[in-house]
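These notes concern the structure reproduced below.
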Amino acid sequence: MDSQREGAHCGICGQAMDGHDAHQQDEGGRPARKGKSVTYVVVELRGATAHFQATDDPTRTFRTGAADLAGQLGIGLSGLLDRRYTCWVEPTEYGFVRSGFTLA
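When we follow this note's numbering, the leftmost residue of the sequence shown carries the number -14, and every step to the right adds one.
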């Protein structure tokens, strides 16, 4: 049984999920644990939300809680705008997970 949704695209690279090697399954049928380090920049703060983009792909903007991001980076909210940071991005069955945040 194929658990991938038809027409779904990778949250990291934008490629179609079917046949994408970062989304292969291990012997138990679970998604393989693969990922990469990505550098982001915070481009806008709107209320309690931080908008950020990958430095190598400014065409896509992502959102997260500003306080959560500041806490992960160990800085104050006032230091988020235009801040560059790096984190590990790992694809999962329903999207991706970011972890290991460090200031760039």
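By construction, the Cβ of each residue, glycine as well, lies at the ideal position given by its N, Cα and C atoms.
Would you report the Cα separation of residue i and residue j, rounded to the nearest angstrom?
| i | j | result |
| --- | --- | --- |
| Gly32 | Lys19 | 33 Å |
| His8 | Trp73 | With a pLDDT of 49 at His8, under the threshold of 50, the modelled position of this residue cannot be trusted, and the question is left open. |
| Ser63 | Ala51 | 10 Å |
| Pro43 | Gln57 | 22 Å |
| Pro76 | Val82 | 6 Å |
| Asp53 | Tyr25 | 15 Å |
| Gly80 | Asp41 | 19 Å |
| Phe37 | Thr49 | 8 Å |
Could you pull out every residue in the same chain whose Cβ sits closer than 7 Å to the Cβ of residue i, ignoring the five residues on either side in sequence?
| i | result |
| --- | --- |
| Ser(-12) | In this predicted model, Ser(-12) has a pLDDT of only 47, less than 50, meaning its place in the structure is not dependable; the value taken from the coordinates is given anyway. Closer than 7 Å at Cβ, skipping near neighbours: Glu78. |
| Gly61 | Ala55 |
| Leu30 | Ala51, Leu65, Leu66 |
Quick one, are the C-beta atoms of residue i and residue j less than 9 Å apart?
| i | j | result |
| --- | --- | --- |
| Thr46 | Tyr70 | no |
| Val23 | Ala35 | no |
How would you call residue i, buried or exposed, if buried means at least 16 neighbouring beta carbons within 10 angstroms?
| i | result |
| --- | --- |
| Arg27 | Looking at the sequence itself, residue 27 is Val, so the reference to Arg does not match. Counting Cβ neighbours within 10 Å, Val27 comes out buried, since at least 16 surround it. |
| Ala89 | exposed |
Residues in its own chain within less than 6 Å of residue i by CB, not counting five upstream and five downstream?
| i | result |
| --- | --- |
| Gly85 | Cys72, Trp73 |
By Cβ distance below 8 Å, which residues in the same chain neighbour residue i in space, the five residues on each side in sequence not counted?
| i | result |
| --- | --- |
| Arg68 | Val26, Val27, Leu58, Ile60, Leu88 |
Tell me, please, whether the CB atom of residue i is closer than 9 Å to any CB atom in chain D?
| i | result |
| --- | --- |
| Glu78 | No chain D appears in the structure shown, which is made up of a single protein chain. |
**Q.** Any alpha helix (DSSP H) of 4 or more consecutive residues that is wholly inside the region 19 to 60
**A.** 51 to 58
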